[in-house]
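Colleague:
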Amino acid sequence: MDLTVRQMDAEEFQRQRQEVLGQWQTGKDVFFEEAVAYQKSLPKSKVFAEKLAEGKEKGITYAQPRAGVALISEHIELLRFLQDEGGADFLPSTIDSYTRQNRYTEAQAGIEESAMIGRSMLNGFPAVNHGVAACRQVVESVQVPVQVRHGTPDARLLAEITIAGGFTDYEGGGISYNIPYSKDVSIESTIKYWQYVDRLIGLYEEQGVKINREPFGPLTGTLVPPAISHAVAVIEGILAVAQGVRSLTLGYGQCGNLLQDVAALHTLPVLAEEYLAKLGLPKVMITTVFHQWMGGFPQDEAKAFGVISWGAVTAALGKASKVIVKTPHEALGIPTKEANAAGIRTTKQILTMLKDQSLPMTSELALEEEMILAETRAILDRVLELGEGDAAVGTVRAFQAGVIDVPFAPSRYNAGKILPARDTTGAVRLLDFGNIPFDERVKEFHRERIAKRGRDEDRDPSFQMVIDDIYAIGKGMLVGRPRG
Amino acid sequence: MDLTVRQMDAEEFQRQRQEVLGQWQTGKDVFFEEAVAYQKSLPKSKVFAEKLAEGKEKGITYAQPRAGVALISEHIELLRFLQDEGGADFLPSTIDSYTRQNRYTEAQAGIEESAMIGRSMLNGFPAVNHGVAACRQVVESVQVPVQVRHGTPDARLLAEITIAGGFTDYEGGGISYNIPYSKDVSIESTIKYWQYVDRLIGLYEEQGVKINREPFGPLTGTLVPPAISHAVAVIEGILAVAQGVRSLTLGYGQCGNLLQDVAALHTLPVLAEEYLAKLGLPKVMITTVFHQWMGGFPQDEAKAFGVISWGAVTAALGKASKVIVKTPHEALGIPTKEANAAGIRTTKQILTMLKDQSLPMTSELALEEEMILAETRAILDRVLELGEGDAAVGTVRAFQAGVIDVPFAPSRYNAGKILPARDTTGAVRLLDFGNIPFDERVKEFHRERIAKRGRDEDRDPSFQMVIDDIYAIGKGMLVGRPRG
Amino acid sequence: MEQKTVVLGVIGSDVHAVGNRILDYAFTQAGFKVINIGVLATQEEFIHSAIETNAEALLVSSLYGHGEMDCRGLREKCQETGIGKIIMYVGGNLVVGKQDFESVKERFLAMGFDRVYPPGTLPDTPIEDLRKDLGMTID
Amino acid sequence: MEQKTVVLGVIGSDVHAVGNRILDYAFTQAGFKVINIGVLATQEEFIHSAIETNAEALLVSSLYGHGEMDCRGLREKCQETGIGKIIMYVGGNLVVGKQDFESVKERFLAMGFDRVYPPGTLPDTPIEDLRKDLGMTID
Ligand code: B12
Ligand code: B12
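Line by line, the protein sequences are chains D, Y, A and C.
At position 282 of the first sequence the residue is numbered 282 (this note's numbering), and the sequence of numbers has no breaks.
At position 404 of the second sequence the residue is numbered 888 (this note's numbering), and the sequence of numbers has no breaks.
At position 80 of the third sequence the residue is numbered 1048 (this note's numbering), and the sequence of numbers has no breaks.
At position 105 of the fourth sequence the residue is numbered 1212 (this note's numbering), and the sequence of numbers has no breaks.
(1) Would you list the one or two residues that DSSP bridges to Met1195 of chain C?
(2) Taking the alpha helix (DSSP H) that Arg156 of chain D belongs to, which residues open and close that run?
(3) How many whole angstroms separate the CB atoms of Pro153 of chain D and Tyr177 of chain D, which I take to be in contact at a CB cut-off of 8 Å?
(4) In this structure, does DSSP put Val1223 of chain C in helix, strand or coil?
(5) In whole angstroms, give me the CA-to-CA distance for Arg429 of chain D and Gly217 of chain D.
(6) Ligand 2 heavy atoms versus the CB of Thr646 of chain Y: any closer than 6 Å?
(7) Taking C-beta pairs closer than 7 Å, name the residues in chain D that Thr908 of chain Y reaches, listed in chain order.
(8) Would the segment 317–335 of chain D count as touching the segment 302–309 of chain D if we require 3 or more Cβ pairs under 8 Å?
(9) At the 7 Å Cβ level, is Gly173 of chain D part of the contact set with chain C, yes or no?
(10) For Glu814 of chain Y, verify whether its CB is less than 6 Å away from any heavy atom of ligand 2.
(11) Starting from His1173 of chain C, find everything on chain D with Cβ-Cβ shorter than 7 Å and list it in chain order.
(12) Does any residue of chain C bring its CB to less than 7 Å from the CB of Lys183 of chain D?
(13) Relative to the C-alpha of Thr424 of chain D, which candidate in D:Pro437, D:Met477, D:Ala374 and D:Arg397 has its C-alpha closest?
(14) Would you say the beta carbon of Thr347 of chain D is closer than 6 Å to some non-hydrogen atom of ligand 1?
(15) Do you know how far the Cα of Ile695 of chain Y is from the Cα of Ile685 of chain Y?
(16) Give the DSSP-derived three-state secondary structure of Gly1006 of chain A in the structure shown.
(17) Please go through the segment 762–807 of chain Y and give each complete alpha helix (DSSP H) segment of 4 or more residues, from N-terminal end onward.
(18) If you scan the segment 411–437 of chain D from start to end, which runs of the beta strand (DSSP E) of 3 or more residues do you find wholly inside it?
(19) Let me know the secondary structure DSSP gives Gln64 of chain D once reduced to three states.
(20) Identify which residue in Y:Asp493, Y:Val616, Y:Arg603 and Y:Glu597 has its Cα closest to the Cα of Phe516 of chain Y.
(21) Report the neighbours of Val1141 of chain C on chain D: residues whose CB is nearer than 7 Å to its CB, in chain order.
(22) Cβ of Leu1026 of chain A within 7 Å of Cβ of Val975 of chain A?
(23) Give the secondary structure of Tyr170 of chain D by DSSP, where H, G and I count as helix, E and B as strand, and everything else as coil.
(24) Grab the span of the alpha helix (DSSP H) containing Leu52 of chain D for me, first residue to last.
(25) From the DSSP output, which residues share a beta bridge with Leu250 of chain D?
(26) What in chain C is Cβ-close to Arg180 of chain D, meaning under 9 Å?
(27) Rounded to whole angstroms, what's the CA-CA distance from Thr836 of chain Y to Arg550 of chain Y? Just pull it up for me.
(28) What residue range does the beta strand (DSSP E) around Gly977 of chain A cover?
(29) Out of Y:Pro527, Y:Val877, Y:Leu752 and Y:Leu734, state which residue places its alpha-carbon closest to the alpha-carbon of Ile808 of chain Y.
(30) DSSP state of Arg455 of chain D, grouped into three classes?
(31) Between Leu1090 of chain A and ligand 2, is there a pair consisting of the residue's CB and a ligand heavy atom that are separated by less than 6 Å?
(32) Take Thr26 of chain D as the anchor and find which of D:Gly253, D:Val47, D:Gly165 and D:Ser73 has the nearest alpha-carbon.
(33) For Glu214 of chain D, which three-state DSSP category applies?
(34) Suppose you measure from the CA of His130 of chain D to the CA of Leu157 of chain D; what does that come to, to the nearest Å?
(35) Note down, in chain order, each residue of its chain lying with its Cβ closer than 7 Å to the Cβ of Gly571 of chain Y, except the 5 sequence neighbours on either side.
As structure tokens, then:
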């Protein structure tokens, strides 16, 4: 099968389907028609797209945690706790790292060991091993919509099982769940894996079942400039809609500077709509998700609450549709359910207090928006150019050429040439542009801003500055100032 | 002695001094010259005015907790903990409620009972009973400046003892420590008591000792519109400077709407400088202190962290010189030292992350500033008019006339006619103006804003709305919306 | 239905006035005659007002932490003055610090209060309770 | 001073790459020759690289929580392949959840690691330690 943005043909889909459902024994319990019927039996209150649409209309910012443990009953207990004690508006099932690498045998061993010693040895919920019926048990045990959150390059079987299992939202994408999450998997192959997932959801949509799709915005979570994650989000949106997806939540990970982050939230749907229209794709429902700071956290819980709150404030003032919540245990390990619920409550207190407030437009905010728009368009236009109009082909070539380049990504398919650093107000800029196709005006803007910081700190911008920025929030700052 | 804004005459001061120092046995250990020498021996790092000046220059927002317990050694342990584990930039000694009412015998009983049962039975530090030497022990046990925080209508003896005891900042004022803190004490008398305190500090200043004065901004802490607390702060500033005070920190309690709060922080020093100049008083150092939400808190600690953080964000974006920190125990009781330190750390994480960010000027922010300036000037001009140019006399008459009127104040010298309520964005407006001398344009602005909320909530603005607003933050909202 | 009188106040050196305002409003709305003696109220003021107005109950608030010291002996004083059986409720932030409420409650019950309310109590509960304790039926 | 070689990598199905980049930079700056096998590294890759490059130490990272399962048997495999005495450090967020570090440390020491580092360790400490363990004097 040649790579293309166009809709997968039905035969190819069915061919893969046989293969995919055979990858693990639980695949045999997936029956499409039955699953459609099951999905249709769910009340609106459990359907992601419905609740998102309602929130969008009312201007609500919803809060959603991350959470997942090895065993079903513990997982249900955990989700219920986050719903009842945390007040989570949406629930997740975060998948464990073996499942993410399709290592179902190791996941099985993790389940068994967890059952034996009575604490989760897995860092998430192994949905494939548990199978369709177990997933439905999860969905039926809670009152709000449930989403699959993972980081799986090849998530086809996981999608088959969890969607048949009643989950109504599926995170990830061919770029965002490859580049930050693998080393040796080609982008071409992950785009194809994810086209399968998107096509599967397209098939459900054709049957009147709404499944929301959420590209993973934050990528490596560490000093990713908005234009880069926006370009990836828009491309994944294009790829998804081309396969029949009709409801998209585009994501962005907090950088820490209020104006830049709000500008990023404002521009993300604008860009997506613009490029979908440009490519003649249908108009779909677009919402946004803001991730509270995804990089290194402070170990101290009180300080972590400060970081969590700052993310909540930004989400509220930027009017994100949804915010993904961190916990006071972030720096140390998978949170207890209590710590997780605490993170949600802190966040919700802020979201409700700020519900009716927003950041007014100013020349500074307009400038940030203008820059993000110009930067993202520069990348996307080059991608389409490289792909001769085909976003899928263009993406592969863009990564080869370093036209898209994600900082600190483990993948060898990522150029790894750019270096991000904060400017003196904490906004993330580029210190080294690698091959990102920004024009001179944009480059000058970045250079000038970083140079100003250099002057303020009396040092030349260098990799040491980047390292200082990586540690900064963990040490209680935003900009990694040298000790004075 | 007739009430006047003018400097107390030396004879009257000495006459009162004899009386004041005789109010409790510890008064006999106060010797002015010796105290001046002691104050001068303090390193700059322990002098409030010096550190505030440094912060003002560098654009730092400092964090300060509230704290005080009955016994000296426990009190020192508490302050050291807040300094070392909380990272407090300034320390307080919060005085107990018996001392605040000059009930030194009951305070003594509280000290003795606390010593016996091994936990503090007093809600603060009884500095008068402990005396000068004990205060110096406190000051010498910590590395940062220490301030007296209280709520004492007649705080003359407390000032004598604590300033001789090495404290370098004194909170309160003839209005702000009367109206919210007493029922039957006339404003005339508290203005006079506080003129004594200010004159005492003036005498220290004349000897080259810097003592900072901080009028208590938040008043009753509950839906106080900025113009009212600003008017009080400016008047207390005038009264203090007239007696020789040369370093002022003016306070404001968070209302909860970002734009209104930042506008309030911006306008406070502007107004103070304007009226000091207008009255021909000398230019003094003016800094600002922002109080995290002073009304009812949520009981849940995670939610309380959200409220604390929102206060920290506002202080940082509004560039307050100092922020007074609440704790996750606020709704329940005097915090443990751990809870207190946690509140400081959460706050400081945010202050440092936001150090280099501010809220850009916008038409919305400019409008809030314009309203606060117009409103405060309306009140202050009427006060001066009523006093025929004398701010002290004018204040007494203004309270009589309800020209200054503090919501929910216990004092019978306060008219208690106004009713504040939030508008639909959470800004605090007036639902009933009582006799506050706003012009029609201003009144129309308030009415229109509150009417809009009424429409949004489909109900007529009434006392029920006010009650809903009082409970709102405790229940996780800002605007007290009716249950829908 | 005949109007029952209650005396409301904040005891001791305590000036917290907001809850007092709301309780006044809520009990009045609920049909009680509220004698509000306000903040900084002494035990004597509570008792005098109750005797003068022939009140059925004392609603004592203490927010600032000294409640334990301020409330001691109130029941005894009531007994001495001939209103020993008057209903006494207490609420607010009764002690210094965040303490286990059950133990706080016991201490105040032992002092002779009929009901003890935890921090953050909304008016509905005590209004309900008082109607019950006064044998007022709600139809 | 002759350059000592270390093998650096993130073990198991773990993709956390940021700390790895920084450790690479810091150990290189400190004068070590760093063989960085990156993320998603198997036990076998660690051992092969160590043998091939004649490395003095393995610096094993595990961030994602499965460290306990992924690290088991590494020392034994080293012994089987003739590098049984190689210095082995491990660091990161080694187990699932916030656990008492002392007990985590013991578990990993028992697995044969020479040093075990808590979450958030800065590079200076392990660099210092490694110099000491390799008998390199710093003047
Ligand atoms: C950024 C991040 C991500 C990014 C990683 C991008 C990338 N490819 O690098 C993304 C978003 C992709 C991600 C994914 C996941 N993550 Co993650 N992630 C983080 C986070 C926030 C920061 C990590 C980081 O970069 N820190 C900065 C660097 C400089 O520090 P460091 O990595 O700790 O390394 C330093 C030290 O630890 C030490 N060190 C490290 N190794 C070694 C080894 C030796 C020998 C020595 C001496 C020292 C040493 O030196 C380094 C330099 O100072 C941490 C939490 C945190 N720390 O705040 C969670 C965290 C590590 N992630 C976690 C998890 C669970 C996951 C996921 C499973 C998703 C999930 N359930 O939420 C997936 C796993 C994917 C996989 N297969 O590995 C958990 C691990 C939980 C646990 N151990 O109990 C953490 C702790 C968050 C949490 N509390 O839940 N994550
Ligand atoms: C606003 C406030 C102030 C304002 C009060 C203004 C005024 N004059 O009214 C100011 C700033 C002046 C102030 C001062 C002080 N305060 Co204050 N204050 C508060 C705060 C934040 C809110 C109180 C409030 O208005 N709540 C809203 C109303 C509606 O609720 P409420 O008062 O709790 O009343 C409701 C219920 O409790 C219940 N209820 C109350 N009484 C009764 C009685 C009965 C019979 C029943 C059935 C029900 C009932 O019904 C009410 C309506 O729902 C509280 C903490 C909190 N709750 O968040 C601290 C708090 C009460 N204050 C406290 C303290 C210590 C002080 C000070 C000593 C200063 C200090 N050390 O920081 C001084 C004391 C002055 C004095 N002499 O009393 C402490 C008390 C600590 C403790 N008990 O351990 C608290 C709990 C804060 C804290 N955690 O430290 N305070």
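Ideal placement from N, C-alpha and C gives every residue a C-beta, glycine not left out.
For clarity, every value in this text was computed on a predicted model and none was experimentally measured.
Modeller: According to the data block:
(1) C:Leu1165
(2) Arg156 to Ala164
(3) 6 Å
(4) strand
(5) 17 Å
(6) no
(7) Asp356
(8) yes
(9) no
(10) yes
(11) Ser97 and Asn123
(12) yes
(13) D:Met477
(14) no
(15) 6 Å
(16) strand
(17) 785–801
(18) 419–422 and 428–432
(19) strand
(20) Y:Val616
(21) Within 7 Å Cβ-Cβ: nothing; Val1141 of chain C doesn't reach chain D, min ~15 Å.
(22) yes
(23) strand
(24) Phe48 to Lys58
(25) D:Thr288
(26) Rather than Arg, the amino acid found at residue 180 of chain D in this sequence is Pro. By Cβ distance, chain C contributes Val1122 and Ala1124.
(27) 20 Å
(28) Thr973 to Ile979
(29) Y:Leu734
(30) helix
(31) yes
(32) D:Gly165
(33) strand
(34) 12 Å
(35) Ile828, Arg829 and Lys832
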